[in-house]
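Worksheet for the structure shown next.
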Amino acid sequence: MSREVHTSSSPAHSVADVSARACALAEAEARLAQMLDMLRQRGMRLTPQREAIIRLLAADCSHPSAEDVFSRLAPENPWLSKATVYNTLNSLLGAGIIQDVDLGVERRFDGRTTEPHGHLTCRACGRVEDFDLPPDLRTLLLNRNDSGFAMERIQVKLVGLCRACAARNGRNP
Ligand SMILES: [Zn+2]
Ligand SMILES: [Zn+2]
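If you're matching positions, the sequence shown starts at -11 in the working numbering and goes up one per residue.
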């Protein structure tokens, strides 16, 4: 029993409300075009809900959770339900159009690239940053061929404290 159960009081560790971080505009536009292409190639229809979610993910560098995606889109899209957000994220994930990272307490999504990459995850504030895998490791992982194992995704996650949380931690006794 190492994990406390948080009830109503909002802990400093607020994993459910990660603030949006905008990506560079050119990068977001290129990624949006790429995701739309992939959707077409896979014969998936561009429904309004898929489009809204794809647009958000292409432009958001924070690795938002399904809850974050829902709360960011809900004000502008009153027809959108939480279930639709979950289902859409899962279908984009299943189609290899987005990636995910499991923080243990929640799952977060990355619509910015399909390239295998690593995640630096802050256990205190829930911040998720990308890092490039060293080319050797990337090649090793992609070409790994254990008998009978059908690899679907690569997840490399480092757990620790982000720069801000580490600094805050250092000031405490
Ligand atoms: Zn942090
Ligand atoms: Zn990522």
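Every residue, glycine too, gets a C-beta built ideally from N, C-alpha and C.
- Closest in alpha carbon position to R38, among L149, E94, I86, T102, is I86.
- The segment 22 to 29 and the segment 66 to 73 do not touch, with fewer than 3 CB-CB distances between them shorter than 8 Å.
- In its chain, beyond the 5 residues on either side, M23 have a beta carbon closer than 6 Å to the beta carbon of I42.
- According to the DSSP assignment, T76 belongs to the alpha helix (DSSP H) that extends over 70 to 82.
- R19 is a Cβ neighbour of A46, given a cutoff of 8 Å.
- When the beta-carbon positions are compared, R115 and P52 stay at least 8 Å from each other.
- Nearest to G82 by C-alpha distance, out of P66, M32, E94, G148, is M32.
- If you look at E117, you'll find it in the beta strand (DSSP E) that goes 116 to 119.
- As computed with DSSP, T109 is found in a beta bridge with V116, V147.
- Around the Cβ of G99, a 10 Å sphere holds 16 or more other Cβ atoms; the residue is buried.
- A Cβ-Cβ contact shorter than 8 Å links E117 with L108.
- Per DSSP, reduced to three states, the secondary structure at V89 is strand.
- Contact check for V89 and Q143: beta-carbon distance about 6 Å, within the 8 Å limit, so the pair qualifies.
- Spatial neighbours of D48 in its own chain (CB-CB distance under 6 Å, excluding positions within 5 residues in sequence) are listed in chain order as A8.
- With respect to the 8 Å criterion, G148 and C110 are classified as neighbours on the basis of their beta carbons.
- In the three-state reduction of the DSSP assignment, F137 falls in the coil class.
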